[in-house]
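J.:
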Amino acid sequence: MNVQWVVSVSYGELILKGKNRRQFTKAALRHLHKALAGIPVQAQFEQFGKVFLAVDEADVERTVAAARRVFGLIYVTPSLQVPRDEAALREAAAALLSHRVATLREQDGSDSRIGDAGTSDGGTSRNAVMTGSPDAAHPVTFKVDVKRSDKSFAVPSPEFAARVGSWMLEDVPGLAVDVHAPDITLRVEIREDFFVSVDRYAGMGGLPAGSGGRGLLLLSGGIDSPAAGFALARRGLSLSAVHFHSYPFTSERAQDKARRLAAQMERTVGPMRLFMVNLTDIYTAIARHCSKRNTTVLSRRMMMRIADRIADQDHDDCLITGESLGQVASQTIQGISVVNEAARHPILRPFIATDKTAIIDIARDIGTFDISIEPFDDCCSIFAPEHPNTRPSLAEIERDEAKLDVEGLVAQALETLERVDIESP
Ligand code: ATP
Ligand code: MG
Numbered sequence: 076m077n078v079q080w081v082v083s084v085s086y087g088e089l090i091l092k093g094k095n096r097r098q099f100t101k102a103a104l105r106h107l108h109k110a111l112a113g114i115p116v117q118a119q120f121e122q123f124g125k126v127f128l129a130v131d132e133a134d135v136e137r138t139v140a141a142a143r144r145v146f147g148l149i150y151v152t153p154s155l156q157v158p159r160d161e162a163a164l165r166e167a168a169a170a171l172l173s174h175r176v177a178t179l180r181e182q183d184g185s186d187s188r189i190g191d192a193g194t195s196d197g198g199t200s201r202n203a204v205m206t207g208s209p210d211a212a213h214p215v216t217f218k219v220d221v222k223r224s225d226k227s228f229a230v231p232s233p234e235f236a237a238r239v240g241s242w243m244l245e246d247v248p249g250l251a252v253d254v255h256a257p258d259i260t261l262r263v264e265i266r267e268d269f270f271v272s273v274d275r276y277a278g279m280g281g282l283p284a285g286s287g288g289r290g291l292l293l294l295s296g297g298i299d300s301p302a303a304g305f306a307l308a309r310r311g312l313s314l315s316a317v318h319f320h321s322y323p324f325t326s327e328r329a330q331d332k333a334r335r336l337a338a339q340m341e342r343t344v345g346p347m348r349l350f351m352v353n354l355t356d357i358y359t360a361i362a363r364h365c366s367k368r369n370t371t372v373l374s375r376r377m378m379m380r381i382a383d384r385i386a387d388q389d390h391d392d393c394l395i396t397g398e399s400l401g402q403v404a405s406q407t408i409q410g411i412s413v414v415n416e417a418a419r420h421p422i423l424r425p426f427i428a429t430d431k432t433a434i435i436d437i438a439r440d441i442g443t444f445d446i447s448i449e450p451f452d453d454c455c456s457i458f459a460p461e462h463p464n465t466r467p468s469l470a471e472i473e474r475d476e477a478k479l480d481v482e483g484l485v486a487q488a489l490e491t492l493e494r495v496d497i498e499s500p
């Protein structure tokens, strides 16, 4: 009987897209193919709405890893594809399960507990009975999950699960059933063929890259903005980024840091454009003419005006920042409101209600955290007032701003605009 390794991918919320569904799934597949570059895929096929990639056993792991980086896919499952023959299914399932039991026993021997063997959907949570007992005589627990996508298959799912379960109890030594918190979940999907698996991995989720328009990320050297860009890229935006520096007040290292952050981001969000703008003259003018306590709000408004112009040229639909309500003095609702008044494009702030710890988790996941915490001065911190105005009113800020040649300063700053190469890590 012909049994073949396949990796299946599931689309998640893309299936909610109604008439546009095809367009979204095609985009996700296009990105999947890009991510799979260099991996020989023997065949790709669809059965009952799920896409399968047939690969050599030796390529399963890297196929899974590549698929898990693609936006728009929620589950990535390596499985054995078995013809619709119960004896063949029994044999394949027993082989998979014995292998997994052996891996668990090895781990159990080495660290005195049953691990979850790398699954990420919680389907193989640790069994309390096993914890701390490296006793090979203890049973490993399992359950069988059957999904009958092909309703023409005569046996109902619960009955078929029981049947497969009893085969496994006969064929694989040292097993016991636990339907609530099993060490292993053996999944059997009934489609045109049988598909049997013991691992299911979480994918990136979200929507296919670029399916939702373009955003211009205001990329500082901090922790929040790279993570904010990622969060919206995951919702389908293609990104460009602008970094404001104040060379020579800030060192060249600050710009280099922005380039390395962008390079690290590209690994998850795909190709980005990076722009740099020198804000030194603007900061100097604000320092000379305006109230010190308004510096942050005034400079943020200038950033927005400049970003608006870049977004026009770059065909971006919105601006993106890493702001979070109340996180720092400038991120009050009053401060944010006054900044909004200076921008023509909508400003998306995906972390407005997110705690710093959760933002840090994302930054760690996408690998930007370690770069962000490098200690290079950012223009905001150099010019930041000691006692910032946390409740600015628009009238008050506009009065202060009237002392500046806003249009002239914006035009001057735009003359320093450069598109820079993103430095690979
Ligand atoms: P981050 O960690 O992203 O730097 P933060 O908590 O330090 O954020 P602020 O310094 O107040 O907050 O900046 C708020 C947002 O303004 C940033 O998330 C970023 O989007 C934008 N921003 C701030 N400084 C710059 C800069 N030099 N260049 C580009 N964007 C900036
Ligand atoms: Mg910052």
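Position 154 of the sequence shown, counted from 1, bears residue number 229 in the numbering used here, the numbering being contiguous throughout.
Ideal placement from N, C-alpha and C gives every residue a C-beta, glycine not left out.
Which parts of the stretch 77-157 are runs of the alpha helix (DSSP H), unbroken and 4 residues or longer, counting only runs that do not cross its ends?
T.: 96-110, 135-142
J.: Going by the C-beta, is G401 closer than 7 Å to any heavy atom of ligand 1?
T.: No; taking the cut-off as 7 Å, the Cβ of G401 has no heavy atom of ligand 1 nearer than that.
J.: Pull up the CB-CB distance for I114 and T138, whole angstroms please, since I reckon it's below 8 Å.
T.: Contact holds; Cβ gap of about 6 Å.
J.: Thinking G311 and I149 are a contact (beta carbons under 8 Å), I'd like their distance in whole angstroms, please.
T.: Actually they are not in contact, since the Cβ atoms of G311 and I149 sit about 15 Å apart, beyond 8 Å.
J.: Compare the C-alpha of I385 against each of E341, A316, M347 and name the closest.
T.: Taking only the C-alpha atoms, the option nearest I385 is A316.
J.: Any heavy atom of ligand 1 closer than 7 Å to the beta-carbon of D387?
T.: no
J.: Thinking just about the alpha-carbon of each residue, which of F269, R348, L172 is nearest to the one in R334?
T.: R348
J.: Excluding five sequence neighbours on each side, which residues of the same chain lie with their C-beta closer than 8 Å to the C-beta of H106?
T.: V145, F146, G147, P283, A284, G345
J.: Compute the Euclidean distance between the alpha carbons of A418 and R223, then round it to the nearest angstrom.
T.: Roughly 53 Å separates the two Cα atoms.
J.: Measuring CB to CB, does F444 end up less than 8 Å from S374?
T.: no
J.: Go ahead and label N369 buried or exposed: buried means 16 or more other beta carbons lie within 10 angstroms of its beta carbon, across all protein chains shown.
T.: Buried, by the Cβ-count rule.
J.: On the three-state DSSP scale, how would you describe M379?
T.: helix
J.: Strictly by DSSP, which residues pair up with I395?
T.: I395 is bridged by DSSP to L292, L423.
J.: Measuring only the C-alpha atoms, how far is H364 from A303?
T.: 33 Å
J.: Ligand 1 heavy atoms versus the CB of S232: any closer than 7 Å?
T.: no
J.: How many whole angstroms separate the CB atoms of R143 and Y276, which I take to be in contact at a CB cut-off of 8 Å?
T.: 6 Å
J.: So for E264, helix, strand or coil by DSSP?
T.: strand
J.: Could you have a look at E490 and say whether DSSP puts it in helix, strand or coil?
T.: Three-state DSSP puts E490 in a helix.
J.: Is the Cβ-Cβ distance between A167 and V78 less than 8 Å?
T.: yes
J.: Could you give the distance in angstroms between the alpha-carbon of R165 and the alpha-carbon of R180?
T.: 22 Å
J.: Write down the C-beta distance between L400 and I427 rounded to the nearest angstrom, noting that I regard them as a contact closer than 8 Å.
T.: Right, their Cβ atoms sit about 5 Å apart.
J.: Going by other Cβ atoms of all chains shown within 10 Å of its Cβ, with 16 needed for buried, is D436 buried or exposed?
T.: exposed
J.: Is A141 a contact residue of ligand 1, with contact defined as CB to any heavy atom under 7 Å?
T.: no
J.: Would the beta-carbon of S224 be found less than 7 Å away from any heavy atom of ligand 1?
T.: no
J.: Per DSSP, M351 is paired with what?
T.: H318, E493
J.: Could you pull the start and end residues of the alpha helix (DSSP H) that V344 belongs to?
T.: It spans 327-344 - the alpha helix (DSSP H) in which V344 sits, taken as one unbroken run.
J.: Given the structure, does L373 come close to ligand 1, in the sense that its CB is under 7 Å from one of the ligand's heavy atoms?
T.: Outside the cutoff, so no.
J.: In the DSSP assignment, find the alpha helix (DSSP H) that holds R223 and state where it starts and stops.
T.: Counting along the chain, no alpha helix (DSSP H) covers R223; the unbroken beta strand (DSSP E) around it starts and ends at 215-223.
J.: Judging by CA-CA distance, which residue of F228, A329, V254 is the nearest neighbour of F42?
T.: In the structure as shown, the chain begins at 76 and stops at 500. Residue 42 is therefore absent and cannot be evaluated.
J.: What do you reckon, are the CB atoms on L250 and V215 nearer than 8 Å?
T.: yes
J.: Excluding the 5 residues flanking A306 on each side, which residues of the same chain have their C-beta closer than 6 Å to its C-beta?
T.: P425
J.: State whether the stretch 325-341 contacts the stretch 294-303, with contact taken as three or more CB pairs (one from each stretch) at a distance under 8 Å.
T.: yes
J.: Determine the DSSP secondary structure at E482, reduced to helix, strand or coil.
T.: helix
J.: Less than 7 Å between the CB of D299 and some heavy atom of ligand 1, yes or no?
T.: yes
J.: Can you round the beta-carbon distance between V82 and V130 to whole angstroms, since I take them to be within the 8 Å contact cut?
T.: 6 Å
J.: Among all the DSSP beta bridges, which residues are the ones paired with F270?
T.: Q156, E264
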